[in-house]
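Visitor: Residue numbers 371 to 490, in this note's numbering, belong to the letters of the sequence shown in order.
Built from N, CA and C at the ideal position, the CB exists for glycine as well.
Before anything else, here's the structure in question.
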Amino acid sequence: MNSKELATKIAKLLDAKQGIDVMMLEVTHLTSITDYFVIASGRSTMQVRALAEHLEEKLEEESIPARRKEGYQDARWIVQDYGIVIVHIFHEEERAFYSIERLWMDGGNLTPFLRPEEEA
C-alpha cells in the first residue's frame with residue numbers, strides 16, 4: 371500500500387467513526403519525515419480516544435501497526451506515526467489553537483478523499 375492509499379484509508383476510517391473535519395495533507399515536498407498528515411477532531415476527550423483506538427484496531431487487523439503513538443493519557447491531541455502517514459487527532463479546542471493545517475498547507479497540498487457514499 372502506498373502512502374496516498376494508506377492516508378485515504380485512515381481518513382475514511384476516521385470519517386466513518388464520526389471524526390470532525392477530516393483532512394489529508396500531502397507534505398512530501400515540505401518535510402522528509404512523512405508523506406501525508408491526516409488530521410481530524412473529536413468533540414470530547416472520549417471521542418478523541420475512541421477515534422484513535424478505532425483507527426489503531428482497524429489498521430492492526432491489516433498488519434499495519436503504529437510505529438509510535440503519543441497523547442492517549444490526556445486525549446487532547448493524539449499522534450499516531452505510521453511512517454509514511456502521521457495522524458493527528460485533536461480535541462476541537464486544541465485543533466483551533468494549534469491550527470497545524472495552516473502551518474503545513476501551501477495552497478495545493480490538501481488531498482480530497484471520497485466518502486463511501488460518494489464513490490458510487
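1) Please report the straight-line C-alpha distance between Y468 and G453, rounded to a whole angstrom.
2) Is A436 helix, strand or coil when you go by DSSP?
3) Which of the three DSSP states, helix, strand or coil, is assigned to V418?
4) Find out if the Cβ-Cβ distance for the pair A410, L421 is shorter than 8 Å.
5) Identify the residues that DSSP records as bridge partners of H461: which are they?
6) In this structure, what does DSSP give as the bridge partners for F407?
7) Under 8 Å: do the region 431-439 and the region 400-414 share three or more Cβ pairs, one atom per stretch?
8) First and last residue of the alpha helix (DSSP H) that includes D385?
9) Closer than 8 Å is the cut-off here; do at least three beta carbon pairs connect the region 380-391 with the region 437-449?
10) For M475 and A466, I'd like the C-alpha separation in whole angstroms.
11) To the nearest angstrom, how far is it from the Cα of V449 to the Cα of L429?
12) By Cβ distance, which residues of its chain are closer than 6 Å to R446, with the 5 residues on each side in sequence left out?
Guide: On the basis of the supplied data:
1) 22 Å
2) coil
3) helix
4) yes
5) G412
6) L395, I456
7) no
8) 373-386
9) no
10) 15 Å
11) 15 Å
12) H461, E464
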